[in-house]
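Residue 204 in the numbering used here is what sits at position 203 of the sequence shown, and the numbering runs on without skipping anything.
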Amino acid sequence: MQIAFDQWTKGRKINTLGTNAGAEKLPFQTWRHFKEAFAPELVARAVRESHLPVRTCIDPFGGSGTTALACQFLGVEPVTMEVNPYLADLIEAKLSPYDGSSLTHDLGQIIRAVRRMRGNHDLSWLPATFVAPGVNNRWLFEYEVAQKIESYRMAIAGLYNPVHQMFFRAILGGFLVEVSNVLISGKGRRYRQNWQSRKHTADAVDQQFLTRVQKALYEIARYASRPVSQYTLIRGDCRQTISKAPMADLAVFSPPYPNSFDYTDVYNIELWTLGYLNDSADNKNLRQSTLASHVQTLRTYAPRPIGSNTLDAVSEKLHASRGVLWSRWIPNMVDGYFADMSGVMNALASRLPAHGEIWAVVGDSLYANIHIPVAEILTELAPTCGFEAIRTEAFRSMRSSAQQGGREELAESLMVFRKL
Numbered sequence: 002m003q004i005a006f007d008q009w010t011k012g013r014k015i016n017t018l019g020t021n022a023g024a025e026k027l028p029f030q031t032w033r034h035f036k037e038a039f040a041p042e043l044v045a046r047a048v049r050e051s052h053l054p055v056r057t058c059i060d061p062f063g064g065s066g067t068t069a070l071a072c073q074f075l076g077v078e079p080v081t082m083e084v085n086p087y088l089a090d091l092i093e094a095k096l097s098p099y100d101g102s103s104l105t106h107d108l109g110q111i112i113r114a115v116r117r118m119r120g121n122h123d124l125s126w127l128p129a130t131f132v133a134p135g136v137n138n139r140w141l142f143e144y145e146v147a148q149k150i151e152s153y154r155m156a157i158a159g160l161y162n163p164v165h166q167m168f169f170r171a172i173l174g175g176f177l178v179e180v181s182n183v184l185i186s187g188k189g190r191r192y193r194q195n196w197q198s199r200k201h202t203a204d205a206v207d208q209q210f211l212t213r214v215q216k217a218l219y220e221i222a223r224y225a226s227r228p229v230s231q232y233t234l235i236r237g238d239c240r241q242t243i244s245k246a247p248m249a250d251l252a253v254f255s256p257p258y259p260n261s262f263d264y265t266d267v268y269n270i271e272l273w274t275l276g277y278l279n280d281s282a283d284n285k286n287l288r289q290s291t292l293a294s295h296v297q298t299l300r301t302y303a304p305r306p307i308g309s310n311t312l313d314a315v316s317e318k319l320h321a322s323r324g325v326l327w328s329r330w331i332p333n334m335v336d337g338y339f340a341d342m343s344g345v346m347n348a349l350a351s352r353l354p355a356h357g358e359i360w361a362v363v364g365d366s367l368y369a370n371i372h373i374p375v376a377e378i379l380t381e382l383a384p385t386c387g388f389e390a391i392r393t394e395a396f397r398s399m400r401s402s403a404q405q406g407g408r409e410e411l412a413e414s415l416m417v418f419r420k421l
């Protein structure tokens, strides 16, 4: 089984298991760029070093599908969950088996359908900032670019095969930011330098779509024979769905960090432009279905869990410093984050056998010079969730937020837990 994985990764060199940044891009990874996704090599190591033989592996935070895709190449059946509907489609597009000739036929159907469209679609359902003339002389897409994207979206929706729809929609979503006027990072959205004088055209959409589809078709054909083709993808809030998942031998994941990055915002362009969100209520519902790791939407945060003296001390400091924090809700968010993480670990305990392991990449946070040592707190909470912490390995230091000076001082760690 390792042979298939090695053929996929090509024996590349990686700087750290905690990120793909700086490493050679692998097939399927370029369908949508994910700078901070952990490396597939971490999944291979977890399977190799697991205390139990691994036939099934679960990832409650599916993200870009790293764990699930790596598992297929390793001969392990993946179970993965994702609350973000765009990411869920992207994951399923990567995991699904295809008939290449049928996909190529549907590509031709899309291109012909787009050519027949006049490009005068009603785009009023999109937020006003998305299409020129925008708001306050700023917009994400030139008018002709937005029209061409909508033509592709409608043509894809007209396909008979829903799996093919997911595939082509995933490819379309993978370059939306590139034909927009903005750049996206974990810290949000910012306009490109001199964007007003470097306008994208509708032709750029055509070129990107065709080039990327052709590359993806090659990758699908090249890696069609994976040791395992089965998978289970569960859509929705993992806080509710883990308990309904199949049993597994191992869990490998990286949860959102309690750093106030709203990952719904990171994929906001894809979610709206591809039609996953239709109004502000959809946007609010999706945000409230995510882990309590940010304060960008009003929500009710659960109280902090019992069992960690470190969390008790950190929480008390944060609540006492509420007046100097950039959001008064940060103390509640941090409490709620660890309540959610405790819930996730408790649910995973019901899906894993005795001695089954969790391999999790977690990251610390910092607010008003109050350090939130996530790995240390989870180590203390583990026994209340049915696990013991086996070890913690420091992966790298992350840059803290601009409010804290942007210094590289926050640890990102690999944690290994074993079910009691």
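Every residue, glycine too, gets a C-beta built ideally from N, C-alpha and C.
Tell me where the beta strand (DSSP E) around residue i begins and ends.
i: HIS372; result: 371–373
i: GLY189; result: 189–192
i: GLU78; result: 78–83
i: ASP60; result: 57–60
i: ARG49; result: Where ARG49 is concerned, there is no enclosing beta strand (DSSP E), although the alpha helix (DSSP H) it sits in stretches over 41–50.
i: TYR368; result: 366–368
i: VAL115; result: Here VAL115 belongs to no beta strand (DSSP E); instead the alpha helix (DSSP H) covers 101–117.
i: VAL253; result: 251–254
i: ILE172; result: Premise fails: ILE172 lies in the alpha helix (DSSP H), 163–174, not in any beta strand (DSSP E).
i: ILE185; result: 183–186
With a cut-off of 8 Å on the beta carbons, I'd call residue i and residue j a contact; round off their distance for me.
i: LYS149; j: GLY175; result: 16 Å between Cβ atoms; not a contact.
i: GLU42; j: THR57; result: Not quite, the Cβ-Cβ distance comes to about 20 Å (not below 8 Å), so this is no contact.
i: ILE391; j: ARG419; result: 5 Å
i: GLY66; j: LEU96; result: 7 Å
i: ARG199; j: VAL183; result: 12 Å between Cβ atoms; not a contact.
Determine the burial state of residue i: buried for a count of at least 16 other Cβ atoms within 10 Å of its Cβ, exposed for fewer.
i: GLY407; result: Model confidence at GLY407 stands at a pLDDT of 47, short of 50, so the residue's coordinates are unreliable; what they give is reported in the following sentence. With fewer than 16 other Cβ atoms within 10 Å, it is exposed.
i: TYR219; result: exposed
i: MET248; result: exposed
i: GLU389; result: exposed
i: ARG170; result: buried
i: VAL180; result: buried
i: HIS106; result: exposed
i: ASP60; result: buried
i: GLU50; result: exposed
i: SER261; result: buried
i: TYR264; result: buried
i: THR10; result: buried
i: ASP123; result: exposed
i: CYS68; result: Inspection of the sequence shows that residue 68 is occupied by Thr rather than by Cys. That one is buried.
i: LEU251; result: buried
i: GLU394; result: exposed
Measuring only the C-alpha atoms, how far is residue i from residue j?
i: GLU1; j: GLN241; result: A query on residue 1 cannot be resolved here, the shown segment of the chain reaching from 2 to 421 and no further.
i: SER226; j: SER102; result: 16 Å
i: ARG13; j: GLU25; result: 7 Å
i: ASP280; j: PRO86; result: 15 Å
i: GLY159; j: ASP100; result: 19 Å
i: TYR338; j: SER351; result: 20 Å
i: MET118; j: SER152; result: 7 Å
i: ARG154; j: LEU173; result: 8 Å
i: ILE255; j: GLY63; result: In the sequence as presented, Ile is not what sits at residue 255; that position holds Ser. In a straight line, the C-alpha of SER255 is about 9 Å away from that of GLY63.
i: TRP196; j: SER414; result: 38 Å
i: VAL253; j: ASN137; result: 45 Å
i: SER230; j: ARG223; result: 14 Å
i: ILE307; j: TYR368; result: 22 Å
i: ILE270; j: TYR144; result: 15 Å
i: ILE371; j: ILE185; result: 28 Å
i: THR301; j: THR81; result: 26 Å
i: LEU275; j: ASP204; result: 19 Å
i: ARG288; j: TYR232; result: 26 Å
At which residues does the alpha helix (DSSP H) containing residue i begin and terminate?
i: ALA158; result: 144–158
i: ARG213; result: 203–223
i: VAL229; result: Unbroken run through VAL229: none, as it is neither H nor E.
i: ILE1; result: The displayed coordinates of the chain run from 2 to 421. Any statement about residue 1 would go beyond what the structure contains.
i: LEU75; result: 67–75
i: TYR428; result: It is not possible to answer for residue 428, since the shown part of the chain is limited to 2 through 421.
i: GLN241; result: 239–242
i: ASP7; result: 3–10
Comparing the C-beta of residue i with each C-beta of chain B, is any distance below 8 Å?
i: GLN241; result: The structure shown contains no chain B; it holds only a single protein chain.
4-residue-minimum alpha helix (DSSP H) runs that sit fully inside the stretch 320–363, ordered along the chain: Counting whole runs of 4 or more residues, the stretch 320–363 contains the alpha helix (DSSP H) stretches 331–350.
Sequence ranges, alpha helix (DSSP H) only - wholly within the stretch 274–325, length at least 4: You should have 281–289 and 310–321.
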